[in-house]
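Visitor:
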Amino acid sequence: MTRRAVVIGAGHYLPERIVENAEFEATLDTSDEWIRSRSGIERRHFAAEGETTSHMATHAAKAALKSAGRTAADVDAIVVATSTPDLTFPSAATMVQSQLGMTSGFAFDVQAVCAGFVYALTNANALIVSGQADRVLVIGAETFSRIMDWTDRSTCVLFGDGAGAVLLEAQEGEGTSADRGILATDLNSDGRYQDLLYVDGGVSTQTTGHLRMQGNQVFRHAVEKLAATAHTALDKAGIAATDVDWIVPHQANIRIIQGTAKKMALPMDKVVVTVQDHGNTSAASIPLALSVGVERGQIKPGDLLVTEAIGGGLAWGAVVLRW
Numbered sequence: 020m021t022r023r024a025v026v027i028g029a030g031h032y033l034p035e036r037i038v039e040n041a042e043f044e045a046t047l048d049t050s051d052e053w054i055r056s057r058s059g060i061e062r063r064h065f066a067a068e069g070e071t072t073s074h075m076a077t078h079a080a081k082a083a084l085k086s087a088g089r090t091a092a093d094v095d096a097i098v099v100a101t102s103t104p105d106l107t108f109p110s111a112a113t114m115v116q117s118q119l120g121m122t123s124g125f126a127f128d129v130q131a132v133c134a135g136f137v138y139a140l141t142n143a144n145a146l147i148v149s150g151q152a153d154r155v156l157v158i159g160a161e162t163f164s165r166i167m168d169w170t171d172r173s174t175c176v177l178f179g180d181g182a183g184a185v186l187l188e189a190q191e192g193e194g195t196s197a198d199r200g201i202l203a204t205d206l207n208s209d210g211r212y213q214d215l216l217y218v219d220g221g222v223s224t225q226t227t228g229h230l231r232m233q234g235n236q237v238f239r240h241a242v243e244k245l246a247a248t249a250h251t252a253l254d255k256a257g258i259a260a261t262d263v264d265w266i267v268p269h270q271a272n273i274r275i276i277q278g279t280a281k282k283m284a285l286p287m288d289k290v291v292v293t294v295q296d297h298g299n300t301s302a303a304s305i306p307l308a309l310s311v312g313v314e315r316g317q318i319k320p321g322d323l324l325v326t327e328a329i330g331g332g333l334a335w336g337a338v339v340l341r342w
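Per our numbering, the very first residue in the sequence shown carries number 20; after that it's consecutive.
The following block contains the structure:
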């Protein structure tokens, strides 16, 4: 028998405010058509004043617990993937722990920008496989609207806020690719490319900063690296790409999503796409897409999924799991 980390619940949260592309036309040299044609994005959600990353993460966590039929008392650990925590410290995860009423277990943040959820999922899997935890809440949550340069039309129209969560539970499998749960993971980073996507400020420089991106370069790296990491994870699991039921990619740009699917020789009708409604929510995008995919009836128990993401660092990776 093999100990597996199995997803038993998923949930998400989106702020009430919906910002359509047309809203940017009043302040930027842009248009709905321009944004849609280059990114596939039609709208996104922005957090309200006073609405923080930990608050959104907690809402998503509660939704995941409800869908799993579990309570916070059943959770051993919380891992939050975010680049936009409420405070420098303590972690957003400990804030979620408090807001859920948990007085035991442990909680910590993971920061790998848009690849954050893949990194968090991999860490949570290791905690469960090693026996250090039986149930782990894995959350991606971001308020990227707080770090936008609203004069830069190449970036500020692309991002949104939100949170998604899954609850992982230790279950016994046969040790084959037919098991439910996480079957393989692959993580990568290369700091030589940090100037392609970054925030030009931080605590040690005593500045706040805004997101900066070389879009064309990020696109070039994204398609190549996302397809490669997905294939690596599939190879580790001993699974062919043709056996995949759903790709659930980081929702950054429809052209990146389409390019990656093509490189993997998989049709777009096997891809869960939410970028049109959420924009790029960084570490929140994959768990948001997982939760929405379940709500839509796309993702069903037993389905074989590949999630892959790339973000600032550059950092990228993939997870293969059976739902």
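All C-beta atoms in this analysis are idealised placements derived from N, C-alpha and C, irrespective of residue type, glycine included.
Using only alpha-carbon positions, find the residue among 323, 206, 195, 249 that is nearest to residue 283.
Guide: Here the closest residue by C-alpha is 249.
Visitor: Do you know offhand how far residue 218's Cα is from residue 287's?
Guide: For residue 218 and residue 287, the distance between alpha carbons rounds to 32 Å.
Visitor: Indicate whether the contact test is met: 3 or more Cβ pairs, each with one atom in the segment 299-315 and one in the segment 87-104, closer than 8 Å.
Guide: At 8 Å Cβ cutoff, the stretches touch.
Visitor: Compare the C-alpha of residue 212 against each of 290, 225, 241 and name the closest.
Guide: Comparing Cα positions, the closest option is 241.
Visitor: Does the count of Cβ pairs from the segment 41-51 and the segment 269-284 closer than 8 Å reach three?
Guide: Because the criterion of three Cβ pairs below 8 Å is not met, the segment 41-51 and the segment 269-284 do not touch.
Visitor: What residue range is occupied by the uninterrupted alpha helix (DSSP H) comprising residue 127?
Guide: Element bounds for residue 127: not the alpha helix (DSSP H) but the beta strand (DSSP E), 125-129.
Visitor: Using 8 Å as the Cβ pair cut-off and three pairs as the minimum, do the segment 70-77 and the segment 157-172 touch?
Guide: Taking 8 Å as the limit for Cβ pairs, the verdict is that the segment 157-172 does touch the segment 70-77.
Visitor: Assuming residue 104 contacts residue 96 (C-beta within less than 8 Å), just tell me the rounded distance between them.
Guide: Not a contact, Cβ separation roughly 17 Å.
Visitor: So the candidates are 314, 214, 56, 264; which of them puts its Cα closest to the Cα of residue 333?
Guide: The option with the nearest alpha carbon to residue 333 is 214.
Visitor: Contact check, residue 187 vs residue 143 under 8 Å by CB: the rounded distance?
Guide: Contact holds; Cβ gap of about 5 Å.
Visitor: Express the C-alpha separation of residue 24 and residue 321 in angstroms, rounding to a whole number.
Guide: Using only the alpha carbons, I get a separation of about 14 Å.
Visitor: Taking buried to mean at least 16 other C-beta atoms within 10 Å of its own C-beta, is residue 37 buried or exposed?
Guide: Result: exposed.
Visitor: Please list, in chain order, all residues of the same chain as residue 140 whose beta carbon is under 6 Å from its beta carbon, the five residues on each side excluded.
Guide: Cβ within range, chain order: 157, 338.
Visitor: Once you ignore the five residues that flank residue 33 on each side, which residues in its own chain have a CB closer than 6 Å to its CB?
Guide: Result list for residue 33: 64, 181, in chain order.
Visitor: Can you list, in chain order, the residues of its chain whose CB lies under 7 Å from that of residue 233, leaving out five sequence neighbours each side?
Guide: The answer, listed in chain order, is 215.
Visitor: Is residue 102 helix, strand or coil by DSSP?
Guide: Of the three classes helix, strand and coil, the one that applies to residue 102 here is coil, per DSSP.
Visitor: Which parts of the segment 36-110 are runs of the alpha helix (DSSP H), unbroken and 4 residues or longer, counting only runs that do not cross its ends?
Guide: List check, alpha helix (DSSP H) in window: 51-58, 72-87.
Visitor: If you reduce the DSSP assignment to three classes, tell me which class residue 250 lands in.
Guide: Here residue 250 sits in helix by DSSP.
Visitor: Are the Cβ atoms of residue 59 and residue 294 separated by less than 7 Å?
Guide: Their beta carbons are under 7 Å apart, which means residue 59 touches residue 294 by this criterion.
Visitor: Our contact map puts residue 22 next to residue 148 with C-beta atoms below 8 Å; I'd like the distance itself, whole angstroms only.
Guide: About 6 Å; that satisfies the 8 Å criterion.
Visitor: Measure the alpha-carbon distance for residue 228 versus residue 169 and round it to whole angstroms.
Guide: Residue 228 and residue 169: Cα-Cα distance of roughly 12 Å.
Visitor: Pull up the CB-CB distance for residue 185 and residue 309, whole angstroms please, since I reckon it's below 8 Å.
Guide: Right, the Cβ-Cβ distance comes to about 6 Å (below 8 Å), so this counts as a contact.
Visitor: My parser needs the alpha helix (DSSP H) runs of 4 or more residues fully inside the segment 288-328; what are they?
Guide: Counting whole runs of 4 or more residues, the segment 288-328 contains the alpha helix (DSSP H) stretches 294-297, 304-315.
Visitor: List the endpoints of the continuous alpha helix (DSSP H) containing residue 277.
Guide: Element bounds for residue 277: 273-282.
Visitor: Measure the alpha-carbon distance for residue 193 versus residue 20 and round it to whole angstroms.
Guide: Approximately 5 Å between the Cα atoms of the pair.
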